[in-house]
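Everything on this sheet refers to the single structure shown next.
In our numbering, the protein residues as written are 2 to 213.
Below is the structure:
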């Protein structure tokens, strides 16, 4: 997984702690308190055996990254209780606007490791493509898009899948609607960009999944 961003510190979130009211205020309009977790839909417990690739963590919590409340709701409803090792290493670095080259085994949370910071940096009040995810196959594009939609379901983020072997005309029509994150195979993305249909001028984050 390769994660690239050209974000600068001026685009970073400003976090303010108000001790008198016992809450964290983030981005001036998101309040994190002790009650919001009670409102989420609890997922079924994952009872599968977990190896050290998932369990050997530093003990961080997702709240430690000062994520948007809506994103945290999607994370916990997805069933993620604490970040996995790959997520602990990747998320804070990506949120800081730095480039990442990361490797981890299947099933260790690689997709969420780039999806979470991508969603955090996505501004749904701006109606243009802000994130680009390149994947090698249609199947992986669909899986990645499904993850983005699940984690960001409380954020109103619009993610579109585009791959070869599907109708180019339909993809062009869908791009007339709001798209915040574009996920697809390189050939189709390049085709849409060369036709000036997919405007990537405002895209500040690019992810190359299965980059090897």
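Beta carbons: idealized from backbone N, C-alpha and C, even for Gly. The structure displayed is predicted, hence computed values, not measured ones.
Please name the residue or residues paired with residue i in a DSSP beta bridge.
i, result
"residue 132", "182, 206"
Quick check on the DSSP output: the alpha helix (DSSP H) that includes residue i runs from which residue to which?
i, result
"residue 162", "Per DSSP, residue 162 belongs to no alpha helix (DSSP H); it is in the beta strand (DSSP E), 160 to 163."
"residue 113", "111 to 121"
"residue 77", "70 to 79"
"residue 147", "139 to 152"
"residue 188", "187 to 195"
"residue 199", "Per DSSP, residue 199 belongs to no alpha helix (DSSP H) and is neither H nor E."
"residue 171", "169 to 175"
"residue 89", "86 to 96"
Taking 8 angstroms as the threshold (C-beta atoms), are residue j and residue i in contact?
i, j, result
"residue 76", "residue 91", "no"
"residue 110", "residue 206", "no"
"residue 84", "residue 58", "yes"
"residue 120", "residue 72", "yes"
"residue 135", "residue 74", "no"
"residue 193", "residue 130", "no"
"residue 158", "residue 123", "yes"
"residue 61", "residue 82", "no"
"residue 87", "residue 105", "yes"
What whole-angstrom Cβ distance do residue i and residue j have, given they're in contact under 8 angstroms?
i, j, result
"residue 141", "residue 79", "In fact, because the Cβ distance is near 18 angstroms, the residues do not count as touching under 8 angstroms."
"residue 95", "residue 115", "7 angstroms"
"residue 112", "residue 186", "Between residue 186 and residue 112 the Cβ distance is about 16 angstroms, and since that is not below 8 angstroms, they are no contact."
"residue 161", "residue 175", "6 angstroms"
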